[in-house]
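The structure appears right after this line, and notes come after that.
Numbering (the numbering used here), first residue to last: 1 to 354.
Put into structure tokens, the structure is as follows:
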């Protein structure tokens, strides 16, 4: 039985969440909290397996409550929010930075056409997060704190990098923040990102990433051309690919690996367009989205990487890539930016595989 604590100041929403969660035979709501202070105390008392956390609460908001819980009794936290305004929801990702594992929209009410789908998403997310080991927020890394990473001579000469592509899922946002914050503002190539996330939060996610990066971060727009030193995040409910000439194409093609956007879809297009002239990698996340396609890129001569198990919240996607022998490097988050920077500096070109 999965024990859940529900922290939500609205009594109507709190009752809805409790009803949805208790409707599943594998979940039991062991307690509720009306504000952040109650949530912190309830975690200590009930020791739940998962906490659902609202952000806007009296006395102590969800951000501070998340920080306190992760510093004292680290517990998987799912942020459940009714706001999708980018300027307000950047606070949600500050909670992710503090240790929350997932962000979801508030489920639709009973009788709403989207009730069953949104309720199912909440239940599935809670079950998945109950299996995740919790980790405290990593300290902010400075460039000087990271030991230099030696770029293998063979890979440094293997390609002239023209694009960087990264796929991530559970636990990915703070890792992407770490990487982008450490990349130089004169990065000579564009960066493409697919981050699995609940619908409605990508714009806020991109804005949050931009706050700590010297690179401009955008939600990708259909038809725009890639610009060096810019970061493009795949939007909700569209598959993202790149055509010859560096033009972004957004499609409503079917989900891959049950996902839209899909890392696999992006990687496959990049393999076709750029061949070996790419650096691509998989970060923490459940499942195997993009692992086979990362192997395809490596076989074409591209440089590939996967996040190491020790720093991953879930080592599904990167672990599968490692199992498939699809990676050139296995790296911790603070080392990834150093390798990307070095590889884009080399400017040497070898022979791509056909």
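Note that CB positions come from ideal geometry on N, CA and C, so glycine has one too.
Bear in mind that the values here come from a model prediction, so they are computed numbers and not experimental data.
Review point. Hey, how far is the Cα of residue 280 from the Cα of residue 28?
Key: Computed Cα separation, rounded: 41 angstroms.
Practice item. Taking 8 angstroms as the threshold, find out whether the segment 247-258 comes into contact with the segment 270-284 through three or more Cβ pairs. Key: Output reads no: the segment 270-284 does not touch the segment 247-258.
Practice item. Can you give me the start and stop residues for the beta strand (DSSP E) that residue 247 sits inside? Key: 247-251 is the span of the beta strand (DSSP E), which, as asked, contains residue 247.
**Study point:** Reference residue 61; option with closest CA among 196, 323 and 39
**Key:** Of 196, 323 and 39, the smallest CA-CA separation from residue 61 is found for 39.
**Study point:** residue 106 and residue 80 closer than 7 angstroms at C-beta
**Key:** Their beta carbons are under 7 angstroms apart, which means residue 106 touches residue 80 by this criterion.
Check your understanding: Should residue 182 go down as buried or exposed, given a rule of 16 or more other Cβ atoms within 10 Å for buried?
Key -> Under this definition residue 182 is a buried residue.
Exercise for review: Counting only runs of 3+ residues fully inside the segment 76-106, write out the beta strand (DSSP E) ranges in chain order.
Suggested key: Note on the segment 76-106: whole beta strand (DSSP E) runs with a minimum of 3 residues are 77-81 and 102-105, in chain order.
Practice item. Apply the 10 Å Cβ neighbour rule to residue 274 and answer buried if 16 or more other Cβ atoms are within range, or exposed otherwise. Key: That one is buried.
Exercise for review: Inspect the beta-carbon positions of residue 271 and residue 296 and report whether they are closer than 7 angstroms.
Suggested key: Against a cut-off of 7 angstroms, the Cβ pair of residue 296 and residue 271 comes out as a contact.
Review point. Should the segment 305-325 be called in touch with the segment 170-180, which here means at least 3 C-beta pairs below 8 angstroms?
Key: Contact holds: three or more Cβ-Cβ distances are below 8 angstroms.
Review point. Rounded to a whole number of angstroms, what is the C-alpha to C-alpha distance between residue 299 and residue 324?
Key: Straight-line Cα distance between these residues: approximately 11 angstroms.
Practice item. Report the rounded CA-to-CA distance for residue 231 versus residue 225, giving the unit in angstroms. Key: Spanning the alpha carbons of residue 231 and residue 225 requires a straight line of approximately 12 angstroms.
Exercise for review: Can you tell me which of 179, 64 and 89 puts its alpha carbon nearest to the alpha carbon of residue 339?
Suggested key: When only C-alpha atoms are compared, the closest one is 179.
Check your understanding: Does DSSP classify residue 202 as helix, strand or coil?
Key -> Assignment of residue 202 by DSSP, reduced to helix, strand and coil, places it in the helix class.
**Study point:** Entirely enclosed beta strand (DSSP E) segments - the segment 290-327, minimum 3 residues
**Key:** DSSP runs (the beta strand (DSSP E)) wholly in the segment 290-327: 303-307.
Check your understanding: Residues bridged to residue 280 by DSSP?
Key -> Per DSSP, the beta-bridge partners of residue 280 are 165 and 304.
Check your understanding: Do you know offhand how far residue 52's Cα is from residue 334's?
Key -> Between residue 52 and residue 334, the alpha-carbon positions lie close to 29 angstroms from each other.
Point to revise | With 16 other Cβ atoms within 10 Å as the buried cut-off, status of residue 241 | key: With 16 or more other Cβ atoms within 10 Å, it is buried.
Check your understanding: Would you call residue 72 buried or exposed, if buried means 16 or more other Cβ atoms sit within 10 Å of its Cβ?
Key -> Looking at its Cβ environment, which holds fewer than 16 other Cβ atoms inside 10 Å, residue 72 is exposed.
**Study point:** Residue nearest to residue 244 in terms of C-alpha spacing, selected from 163, 10 and 42
**Key:** For the residues 163, 10 and 42, the minimum Cα distance to residue 244 belongs to 163.
Practice item. Would you kindly work out how many angstroms separate the C-alpha atoms of residue 23 and residue 13, rounded to a whole number? Key: Going from the Cα of residue 23 to the Cα of residue 13 covers about 15 angstroms.
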